[in-house]
Amino acid sequence: MNKRREGGIRERLAAAYLAEKGLEILEYNYRTARGEIDLIARESDTLVFVEVKYRRDARMGYPQEAVTPAKQRKIRQVAAAYLAEKGGSGGLACRFDVVAVLGEEITWIPGAF
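Position one of the sequence shown corresponds to residue 1 (the UniProt record's numbering), numbered consecutively onward.
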């Protein structure tokens with residue numbers, strides 16, 4: 001299975017997990033010229049930008065370790081573009097989460113950065 005397809009499967013798994021936890025998924029793979037945000041969701045009065053990272057095993061490190069400061073900056077830039085396109089957050093607070101998938105284990109890190 002190629003990486004793009006595998007990533008898509010893991011993103012859908014993460015979205016289902018978050019939906020079970022009460023988040024409403026608003027967008028999948030929101031793209032701009034600056035980059036992409038895997039999931040955009042709403043939890044109560046908070047708009048949540050979610051980065052999903054997958055690793056088959058921990059040989060190359062834990063998935064959440066791949067969300068480097070450079071990756072965080074890029075996600076923030078894409079989030080700003082999303083908010084500009086939508087006319088702001090509509091009074092909602094904003095948060096950046098990471099969903100790390102290691103094998104079949106899911107770890108949700110609210111407010112990761």
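We treat Cβ as the ideally placed atom computed from N, Cα and C, and that holds for glycine. The structure presented is a predicted model; accordingly, all values stated were derived computationally and were not measured.
Only counting the same chain, and skipping five residues up and downstream in sequence, which positions put a Cβ closer than 6 angstroms to that of Leu47?
Ser89, Leu92, Cys94
Which of the three DSSP states, helix, strand or coil, is assigned to Gly22?
coil
Measure from the alpha carbon of Asn49 to the alpha carbon of each residue in Arg55, Ala66, Ala41, then state which is nearest.
Before going on, a small fix: residue 49 reads as Phe here, not Asn. Of Arg55, Ala66, Ala41, the residue nearest in Cα terms is Ala41.
Among Tyr62, Lys53, Gln77, the one whose alpha carbon lies nearest that of Lys3:
Lys53
So, Thr32 versus Ala100, is the Cβ gap smaller than 9 angstroms?
no
Enumerate in chain order the residues of its own chain whose CB-to-CB distance from Pro110 is below 7 angstroms, with the five nearest sequence positions on each side excluded.
Arg95, Asp97
Find the nearest neighbour of Phe113 within the set Thr68, Leu102, Arg12, judged by alpha-carbon distance.
Thr68
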